[in-house]
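Have a look at the structure below, then the notes.
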Amino acid sequence: MGAARANQTEIIMATIGTFTASDTGYTGSIKTLTLNIKAKLVAAEKDNDKAPDYRIFAGATEFGAAWKKTVRDSEREYLSVKLDDPSFPAPIYASLVKVEGEEGFSLIWSRRSGD
Numbered sequence: 001m002g003a004a005r006a007n008q009t010e011i012i013m014a015t016i017g018t019f020t021a022s023d024t025g026y027t028g029s030i031k032t033l034t035l036n037i038k039a040k041l042v043a044a045e046k047d048n049d050k051a052p053d054y055r056i057f058a059g060a061t062e063f064g065a066a067w068k069k070t071v072r073d074s075e076r077e078y079l080s081v082k083l084d085d086p087s088f089p090a091p092i093y094a095s096l097v098k099v100e101g102e103e104g105f106s107l108i109w110s111r112r113s114g115d
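Numbering of the sequence shown is given in UniProt numbering, commencing with residue 1 and proceeding in unit increments.
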């Protein structure tokens, strides 16, 4: 039983932000134990296919980017988000997803057990 359990991957998820759609992207806030900021995702001009679809700002400071993605085997879209700053020990990877039955979006952070 121990070997079978070791092969299972547990995913820990937390909502670290809430956003609403705006004319130019999304506006909202990000809150963790070390962050409590207002943020905006602004549509970016793409010069190639790998360039981000959105730039992420706290005030005038850019600290991340987001790419449009589609869930496999589904038509649901989401944004793959990367937040980074020299004050962070490591980048924060998250997904901005539509909240079912509501107008807003949630920024979901996840870490696989063992990471």
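C-beta atoms are modelled at their ideal positions from N, C-alpha and C, and glycine is treated no differently.
Can you name the start and end residues of the beta strand (DSSP E) that Asn48 belongs to? No beta strand (DSSP E) contains Asn48, which DSSP labels as neither H nor E.
Distance, Cα to Cα, Asp85 vs Phe63? 6 Å
Could you name the residues that DSSP lists as bridge partners for Phe105? Phe19 and Lys98
Take the Cβ of Gly19 as the centre, count every other Cβ of all protein chains shown within 10 Å, and call the residue buried at 16 or more, exposed below. The sequence given here places Phe at residue 19; Gly does not occur at that position. Buried.
Helix, strand or coil for Arg72? Go by DSSP, reduced to three states. coil
List the DSSP bridge partners of residue 139. With the chain covering only 1 through 115, there is no way to say anything about residue 139.
Measure the C-alpha to C-alpha separation of residue 178 and Ala21 and round it to an integer number of angstroms. The question about residue 178 has no answer, for the chain in this structure spans 1 to 115.
Where do the ends of the beta strand (DSSP E) carrying Ser87 lie? Neither: Ser87 is in no beta strand (DSSP E) and is coded neither H nor E.
Determine whether the beta carbon atoms of Ala58 and Ala44 lie at a separation below 8 Å. no
According to DSSP, is Thr34 part of a helix, a strand, or is it coil? coil
Distance, Lys69 Cα to Pro52 Cα: 11 Å
Kindly indicate the opening and closing residues of the beta strand (DSSP E) around Ala60. Counting along the chain, Ala60 falls outside any beta strand (DSSP E), and DSSP gives it neither H nor E.
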